[in-house]
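One structure is given here, and the rest of the page talks about it.
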Amino acid sequence: MKIAGRSKSNAEVTMVRIPKNRAPAHPGRVLLNEYLAPLGVPQTKFTERIGVPVQRVNEIIKGKRG
Numbered sequence: 020m021k022i023a024g025r026s027k028s029n030a031e032v033t034m035v036r037i038p039k040n041r042a043p044a045h046p047g048r049v050l051l052n053e054y055l056a057p058l059g060v061p062q063t064k065f066t067e068r069i070g071v072p073v074q075r076v077n078e079i080i081k082g083k084r085g
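If you count the sequence shown from 1, position 25 lands on 44 in the numbering used here, and the numbers rise without skipping.
Right, dumping it as structure tokens:
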């Protein structure tokens, strides 16, 4: 029986184990290590683009804000 709007997918699902004894990454660490640093985007340019004060983003990255 075919359901309208649905299609079969050959996507493979992979389960990933997340250690339960590890503290979650701080949002600032993720922002810096996963986005700003790899893309070479300075905090100042990032804050101008999103319309947030530089000090706020800097505090998030330094772990003083979440």
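Built from N, CA and C at the ideal position, the CB exists for glycine as well.
Which of helix, strand or coil DSSP assigns to Lys64: As a first step, residue 64 must be located in the sequence shown, where it is residue number 45. Lys64 falls in the helix class under three-state DSSP.
Extent of the continuous alpha helix (DSSP H) to which Glu53 belongs: Here residue 53 refers to the residue found at position 34 of the sequence shown. No alpha helix (DSSP H) holds Glu53; DSSP gives it neither H nor E.
Distance CB(Leu55)-CB(Ile80) smaller than 9 angstroms: Here residue 55 corresponds to residue number 36 of the sequence shown, with the count starting at 1. Here residue 80 corresponds to residue number 61 of the sequence shown, with the count starting at 1. Yes.
Residue environment, Gly47, which counts as buried when at least 16 other CB atoms sit within 10 Å: Residue 47 sits at position 28 when you count from the first residue of the sequence shown. It is buried - the Cβ of Gly47 has at least 16 other Cβ atoms within 10 Å.
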